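Student:
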Amino acid sequence: ADEDDGILYSSNNSGDIFKWDLHTGRLLKKRLVSRKNPPNGISLITLSPDKKHIFVAVDHENAQLLAKKDFETVKIFPEELMTCPYAVFSPDGKYLVCAGDYGSTNIWLADSGKLVCKVEGTRDIIKAVGLTPDQRYLSLFGTFQRLFVVDLENCKIVWRWDEAAQQAPVEK
221 ADEDDGILYS
231 SNNSGDIFKW
241 DLHTGRLLKK
251 RLVSRKNPPN
261 GISLITLSPD
271 KKHIFVAVDH
281 ENAQLLAKKD
291 FETVKIFPEE
301 LMTCPYAVFS
311 PDGKYLVCAG
321 DYGSTNIWLA
331 DSGKLVCKVE
341 GTRDIIKAVG
351 LTPDQRYLSL
361 FGTFQRLFVV
371 DLENCKIVWR
381 WDEAAQQAPV
391 EK
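Heads up: the sequence shown runs through residues 221 to 392, numbered per the working numbering.
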């Protein structure tokens with residue numbers, strides 16, 4: 221939701237995205253994003269920090285950056301982003317961090333779709349991602365109750381917490 225504008229964005233399993241007025245509940249815009257027939261569902265919608273773009277991941281198809289105002293496609297991302305159930309933009313909107321199933325976490329340039337960094341070694345299904353305000357560290361939380369901290373300068377895990385072992389060994 222973009223509370224400043226009073227707008228809510230949503231999707232369905234038929235490949236559509238919607239723009240709603242939060243105050244009246246009125247549908248303002250609808251667009252079919254999936255290009256397949258029958259259409260694929262939407263797995264993720266994320267608003268950019270500047271609130272000018274919406275990142276949409278279409279199941280088994282592609283990922284797109286859309287202009288918030290008219291839902292027009294600005295960029296179609298590489299196929300790897302289509303399986304991106306958890307994503308976050310960096311605070312300045314420069315990067316898009318995409319965490320997927322089976323430990324895959326990638327950092328992309330949001331404007332070009334260029335892969336900047338691929339995080340290896342989590343061996344976990346990542347369910348939440350976050351960035352520090354200075355954009356130096358990335359946090360990843362997995363289904364096996366593991367927390368990882370990644371140094372984005374070298375794209376390496378520098379700290380890990382494993383709830384089962386109640387320990388946090390530092391990665392070298």
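The beta-carbon is built from N, C-alpha and C at its ideal position, and this holds for glycine as well.
This structure is a prediction, so every number in the text was calculated from the model and none was measured.
1) Using only alpha-carbon positions, find the residue among Trp240, Ser234 and Asn232 that is nearest to Gly468.
2) For the region 291-368, list the alpha helix (DSSP H) runs that are entirely contained and at least 4 residues long, ordered along the chain.
3) Could you give the DSSP three-state label for His173: helix, strand or coil?
4) Please list, in chain order, all residues of the same chain as Ser359 whose beta carbon is under 6 angstroms from its beta carbon, the five residues on each side excluded.
5) Could you check what DSSP says for Thr266 in three-state terms: helix, strand or coil?
6) Who are Lys376's beta bridge partners in DSSP?
7) Out of Leu252, Val253 and Phe238, which one is the CA nearest neighbour of Arg246?
8) Does DSSP put Leu285 in a helix, in a strand, or in coil?
9) Given this structure, state the Cα-to-Cα distance separating Val294 from Phe361, to the nearest angstrom.
10) Which residues mark the beginning and the end of the beta strand (DSSP E) in which Ser234 is found?
11) Assuming the contact rule is C-beta atoms closer than 8 angstroms, Ala413 and Ile262 should be a hit. Round their C-beta distance to whole Å, please.
12) Could you check what DSSP says for Arg255 in three-state terms: helix, strand or coil?
Tutor: Let me spell this out:
1) Missing from the structure shown is residue 468; the chain here goes from 221 to 392 and no further.
2) none
3) Past the edges of the chain, shown from 221 to 392, lies residue 173, and the structure says nothing about it.
4) Gly350 and Val369
5) strand
6) Asp371
7) Phe238
8) strand
9) 30 angstroms
10) Premise fails: Ser234 is in no beta strand (DSSP E) and is neither H nor E.
11) Outside the displayed span of the chain (221 to 392) sits residue 413, for which this structure offers no information.
12) coil
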